[in-house]
Structures are given as C-alpha cells and as structure tokens.
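Read top to bottom, the protein sequences are chains U and P. Take 0 as the starting number for the first sequence in numbering that gives the first Met the number 0 and just add one per residue. Take 0 as the starting number for the second sequence in numbering that gives the first Met the number 0 and just add one per residue. Ideal Cβ positions, reconstructed from N, Cα and C, are used throughout, including at glycine.
Protein chains: 2
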Amino acid sequence: MESFVFYNPTKIIFGERAINMLAGELKTCGNNVLLAYGKGSIKKEGIYDAVVKILSDCGKNVTEFSGIMPNPTLAKVRDGIDLCRNNNIDFILAVGGGSVIDCCKAVAVGSVSDGDVWEELFVNKTAAQKAITLGAILTMVGTGSEMNSNAVITNEEQKIKCGCGHKAFFPRFSILDPTYTYTLPQYQMVSGICDVMSHIMEQYFSGTDDNVSDELSEALIKSVVKNAIIAAKCPQDYTARSNIMWSAALALNGLLNRGKTQDWEAHQIEHQIGAYYDVAHGMGLAAITASYCRHIYKSGLHKFRQYAVNVWNVETENKTDEQIALDGIACMEAFFKEIGATTSLRELGIPDTSKLGEIAYSCNLLTGGYKTLTHEDVKTILEASF
Amino acid sequence: MESFVFYNPTKIIFGERAINMLAGELKTCGNNVLLAYGKGSIKKEGIYDAVVKILSDCGKNVTEFSGIMPNPTLAKVRDGIDLCRNNNIDFILAVGGGSVIDCCKAVAVGSVSDGDVWEELFVNKTAAQKAITLGAILTMVGTGSEMNSNAVITNEEQKIKCGCGHKAFFPRFSILDPTYTYTLPQYQMVSGICDVMSHIMEQYFSGTDDNVSDELSEALIKSVVKNAIIAAKCPQDYTARSNIMWSAALALNGLLNRGKTQDWEAHQIEHQIGAYYDVAHGMGLAAITASYCRHIYKSGLHKFRQYAVNVWNVETENKTDEQIALDGIACMEAFFKEIGATTSLRELGIPDTSKLGEIAYSCNLLTGGYKTLTHEDVKTILEASF
C-alpha cells in the first residue's frame, strides 16, 4: 500500500426530511447567503420554497444565483463571483446536483482570491486555502461532489473542461434526502448510477492487488447493482434510493483510492465525447465502458477475473481466465442494459462514426490504468462502442 | 436505512515514515505541548527520540505525561488535566495505542471545562464542545480511537469502565506508520486484530438487511482475515500490516454503522470479564464471541447464513440454514485459533468458573442485537466459553 493522507471534513446529513436540520447548520454560517441552483427544477418539487422559508426564518439576507447549467462554465463562475463580491456574501448554499455544487466551489474560492479564478484554480493551482463557506442540498446522484474537494468547470472560450482539487472545496455540510431523487427523470437517474459505477471501477482497475480498497470497491459495486435494479423498477423504493445516494458519496470521497494508483481513462474518453456531442455524462460512460474493458482486460487479467467472480458471480468451471474476465464484462453490460442505460454510441444519439477519429485524437491519455492507451487505441475503442 | 449524520474531520497521515509529516502539522498547533505516552515502549523503538527531536526542532515547549496504563483511569485523566492547566498546554500529542489516545481525549476536554471531568463527560454528558487540540501517533492497532470521537475511561473508585462519545474528541490528525507495529508482542497484535473483528461484527449483526454497510462490513472482515493470517506468520509483511492498520481505523470511524442499529453486547460481556480478571480486551472478545454467536444465531439466522457464505465461503449444498450458519461460526473460531487468539476463558487464564455467575449478573444488557439477553443468558454464554 502506498503512503497516503485521508482528510474529509464534510458533514453529511442524510435521510428523509433531512432539510429539517438546515436551520441548525445555518446558525454558524454567515448572514449574507448566495442561494445557488440550476434551471429551476427545484421549484417544481417544492424544495426551493422550503429552503427559502428556512433561510427567511433564520433571518438571512438572500441573493439568488440561478440558471447554473450542466457542465458549468467559467463565465457562470465569474457571474457568481460578481454576485458574492457585490453582496458581501459570506455563505453559499448550493441546491442541486454536481454541476451546481461544482460551480459554487469555484465561486467560493474565486470570490476571496485576488487573482483570476481560472488562472489560480485551474491553470497555476496557486489559489490560497480559503473560501466562502459552502453548504449543499443534493437533489440528484452521481458526481460525489457533495462529499469531496473536486470541481469540474468548462472554459468555453478555450474549449477546455478541466477538473481541480482544492482543500477549501469541501462543503461544510451536505444534506442528502433520498426522496428528492424520486422525481428525477429515469434517464438522469440511470445516468447518475452509471457514473457512480464508473467512479468505482476507475479506482478498482489499477495498481497492485494488495489493498483493502479492492474489497471495499467490490462491496460498493455489488450494493449499487442490487439497488439500481430495484430503483429502476420502483423509483420510489426508499431503501434502494438511500443506498444508491450514500454509495455515490462514498464512491468518490477518498475512501476507495487511498494508497493506490487510479485509472480514469474512461472518464477522459467520455469527456471528449461530451466536448463534441451533447450527451449525459453517465450514459456516455455506459456506452464506452464495456468496449474499454474489452480493449484493456488482458493487461489486467487477474483483476478482471476477480471482478467477474467477486462482483458478478461468474462460474469458473472449465473456463479460461480470459473467458471468465469477458463473462464478467458481459454481465456488467447486461446490467447497464437492464437498468436502461445506453450501451453504444449509436443509442447515445451519435449519428455516425465520422468524428470518432477526431474525438480520439483530442483525448487526454493517462498512465494510471493497466494499459496506457495510444490515440489509435482510443479510436478503436470508440469504433467498437458505436 | 435510518436517517443519520456522518462527520469525521480527523486527518489520517498513513505510511512508512509518516512521522516526517509531523513537523508540517505542528505549524498550526500550539507551542506548549503535552507529550503523552504509556509505559515507555516507545522509548525502546526509537519513536520517542524521533518525536522529541521534531518537537524540539519546531521550538515547542514540551511537558511530559507518561505512564498511561491500559484501561486508563480517571485518576490518570485528572493528572493530565493538572499538567495541562499548570503548563498552559495548548496542544496534546498522544503517542501510543487506544489507551493513551482515550486518556488524552478526556484530558483535552476536561482541561478546558469548568466542572468535574467525570461528571461532565461521563455522567451528565454536559461538557462543552471545546477541547485542547489533539494529535496522535499510533503505535498499535485495534481500538480505532485514532479516527473517532470515542473514549473509554475507568473510574477505579466507583468500579465503572465507561465509554463516552464527544464531538471535540476527534484528533485533528493521526499518524499511522504500519512499521511501528512490527515489534509489537504477537499476543498484543493478535488481540488488536480480534478487537477489530469484533468491532465490525457488533455493527454487522443487527438491524435490517438493507444497508450498504453490510457489504462494506463483509469487505473489511475479509480483508482483515486475509491479512491477519499473513501478519501472524510474517510479522514484518508491510502490506498485511498496512491493511490491518487502515481497516482498524475504518472499522470504527462511523462508516459501518450509518443508518442502522448496532449490537455491542459481546463488548459488554468482555468489559465485565475485564472488571474481574486482568485480560487483554481483544483476547477476551475472541474467547467469548463464538459462544455468543452460537447462543444468538437463531434469532438472526438469515444474517449468520449470509456471513457464513459471503465471508467464509461456506458450502451450502445439502445443508440447512442452521448448519450453514454454524459452519460460518466454526470458520471464524478456526481463524481465531489460526492466528493464535485465545478461544476459551480457560486459555485466557481464568482459573475456574466460580465467578462467571457474578460476572454475568454484573453485565450491562443492550437491546440493539438480534437477541436481547438476560443475565442468565450471559451466564450460559460464559460457561460455554470456558
């Protein structure tokens, strides 16, 4: 096991009506609140009204920051920074999914930095370890942003989607109410589940096989699979939603990657698909993951075999290790289909293969996985995913 | 899944020579340091010299607080409080195992409280949420105190061993170097491993079976078992020691008991054995756990069956659920024997059964497990454990 530091101070408040604990948390937060959200779905569900009432009852001065888009842009971050500075904001409340939270993380640090937020956070990584305090109310599942110190922001002018980790990005608290996910469109929920599965696998398929992280990763995947099948059939199954919501946070809160290398190449490929086509991130991952695994599995055969047996209960009798590994990948693909995920680029809505080469050659190549890809490898994977 | 709050701000610094990061942590800690440790084993291993040199290089004023015993006493806590007050201590560095850290937690809160430490922390639970900052350097494995907000203190006058959870008990940081456990006496290391196993099982064998905690608990047990067998044979296997050390922290840091009830009856029984006989806590647990499980398994048959299959790979063909469950318990007992744990009260050094009734009737009875025991049940379990 490699040396590591684990630090995660975010307080998770979890359960039905967890929002009832918001007022208590607000007591130690600032009075000038930036209330941040997306395109208004929280208004349909009554969440907005509930939050506004609590903020009002607590005597907070509220400035609204609305319209945060999926894949939040640097321009939107700059808007948020202006709002914070012009209204002496000393607490940010992000209500939404990963995009809203990510945007607010960049706003929280950018507002108290002297320099330019893009340069300091995403280019030179010199931003000071200070930020406006951030709290989150999570309304969808997948990114894990509610319990980590990462944010992904898109610089539209430079056509770069860029991630950043920063210690001051940890939300002070995040409120997770599984019932908030009941009314999510099925497509969005399934996309989130595929994202969670991919987060775990990016950390699992890499490094040496001597880390308790392997057992924990298998445990989380098994739980997500079991509960996703239930949630896909019965969207209002509280237990299934609870397990998925909590597993999503654990999948990317630093628990699974302590003391080991990680892959993240599938995410790199999906990010470039997203740069060319407007696709749901998790669905993009589901579309390429099986082809990605089939392309690299021989370089990590032992681990793909272990995955097949421990996660998917693949029978081993009279089979080669290769066959066992491939059967495991097939089980994963069948699971994606069962819950309604898109398992090809065609299903994802990509009309033809004309841009796959361009996408492949624009892709960032990492070295943490079992096989370091070439751009030609990526092209092969994309074609196999079509 | 029941509603829950998860909060754990302790920073874990893990790996060989992790102590090299101590100076960096000390920069934001107070200058008047209470250096706390046990009966001097840290002096044999060179840890003491290394720590004292770092403190000196950082310009700290050091007050020593030594001789902290296993099962630390209230009297010792009062000694520490006096030292803190008389020397304006503003940072406590605990170097040792769970006993040293537990004692320092009580000292850290007690020193800044106006009232009596026993009354405020352990009786009325009215101690304010403030404490002298605490850091820890862990030298043995088992209690999990390095990454949680619990402490157990023994009030010798009242003959009460009492646990307490308090938010200000979280260490700010804990340094975990697996090589520090190389030279632990085998008996102590095995005892710690049995304690870890019990911590996981106390949280696993309870509640409803719908929580990702079950999969995570099984994952941790499997990892501990695999690595304990290696560590028992090769004490200097770094990978095995690393996994055990990290798993021990995860086993009791709040991860496994979110949203579910817990048992902890085996710990209650062992505590009373400890009140009558001087036994190693983990070994006491190993001595009674199989009998405890055999006494209650029919009340949680589904879970004991699941444990047998998922953790111990018990074959199920042509067996009743009862037989499968009992086979799982037998596997656990065989594991305890394999690593050199004591699996009976006799082996533990208890000379005869004369006091077992008295121990049983002094035992605290909890309601979180599959079967709420009577004192007569406890007596039966103790007799079966002899």
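beta-carbon Arg240 of chain U near the ligand MG non-hydrogen atom, thresh 7 Å: As presented, the structure is devoid of all ligands, the ligand MG included, so that no description of it is given.
Partner residues on chain U for Pro8 of chain P, Cβ-Cβ distance less than 7 Å: Pro8
Same chain, Cβ closer than 7 Å to Tyr275 of chain P, neighbours up to 5 away in sequence not counted: Lys354 and Ile358
Span of the alpha helix (DSSP H) around Thr288 of chain P: His280 to Ile295
Exposure of Leu249 of chain U, with buried meaning 16 or more beta-carbon neighbours within 10 Å: buried
Contact belief for Gln187 of chain U with Met139 of chain U at Cβ below 8 Å, rounded distance in angstroms: 6 Å
Under the three-state DSSP convention, the category Gly79 of chain P falls into: helix
Neighbour list for Phe204 of chain U in chain P, Cβ cutoff strictly below 7 Å: Under the 7 Å cutoff, chain P gives no residues; its nearest Cβ is about 17 Å from Phe204 of chain U.
Residues bridged to Leu137 of chain P [DSSP beta-bridge criterion]: P:Gly95 and P:Leu175
Neighbour flag for Lys221 of chain U against chain P, beta carbons, 8 Å: yes
Neighbour list for Asp209 of chain P in chain U, Cβ cutoff strictly below 7 Å: Thr238
Interface residues of chain U facing Asn242 of chain P [CB-CB closer than 8 Å]: Met0, Asp209, Asn210 and Val211
N-terminal and C-terminal residue of the beta strand (DSSP E) that Cys163 of chain P is part of: Ile159 to Gly164
Spatial distance of Met200 of chain P from Pro184 of chain U (CA atoms): 39 Å
Residues that Ile220 of chain U bridges to, as DSSP identifies them: None, per the DSSP bridge assignment.
Reduced DSSP category for Leu215 of chain P - H, G, I as helix; E, B as strand; rest coil: helix
Reference Ile295 of chain U, options U:Leu251, U:Ser205, U:Ile349 and U:Leu54, closest by Cα: U:Ser205
Sequence-distant residues of its chain with Cβ nearer than 7 Å to Glu24 of chain U (five each side left out): Gly134 and Phe172
CB contact flag (Ala286 of chain P, Ser343 of chain P, <8 Å): yes
Secondary structure of Glu63 of chain P, DSSP reduced to three states: strand
Ala17 of chain U burial status per 10 Å Cβ neighbour count (16 or more: buried): buried
Neighbour list for Ala53 of chain U in chain P, Cβ cutoff strictly below 7 Å: Looking at the sequence itself, residue 53 of chain U is Ile, so the reference to Ala does not match. Going along chain P, no residue has its Cβ under 7 Å from Ile53 of chain U, so there is no contact; the nearest lies around 18 Å.
C-beta atoms of Asp194 of chain P and Gly253 of chain P nearer than 8 Å: no
Closer than 7 Å at the beta carbon, the chain P residues around Leu215 of chain U: Leu215 and Ala218
Neighbourhood of Asp209 of chain P by C-beta distance below 7 Å, restricted to the same chain and skipping five residues each side: Met0
contact_flag[the region 276-284 of chain U, the region 338-352 of chain U] where n(CB pairs < 8 Å) is 3 or more: yes
Residues sharing a beta bridge with Val122 of chain U, DSSP: Paired residue(s): none; Val122 of chain U is not in a bridge.
Glu337 of chain U to Ser241 of chain U span [Cα, whole Å]: 20 Å
Start and end residues, beta strand (DSSP E) containing Val310 of chain P: Premise fails: Val310 of chain P lies in the alpha helix (DSSP H), Leu300 to Trp311, not in any beta strand (DSSP E).
Cβ-based contacts, 9 Å cut-off: residues of the region 9-25 of chain U near chain P: Thr9, Lys10, Ile11, Ile12, Phe13, Gly14, Glu15, Arg16, Ala17 and Met20
Spatial distance of Lys297 of chain P from Glu214 of chain P (CA atoms): 21 Å
Helix, strand or coil at Ile11 of chain U according to DSSP, with G and I counted as helix: strand
DSSP beta-bridge partners of Tyr36 of chain U: U:Val94
Assumed close pair Asn31 of chain U, Asp89 of chain U - CB separation to whole angstroms, cut-off 8 Å: 5 Å
Continuous alpha helix (DSSP H) stretch holding Val189 of chain P: start and end: Gln185 to Tyr203
Ile152 of chain U - partner residues in DSSP beta bridges: U:Cys161
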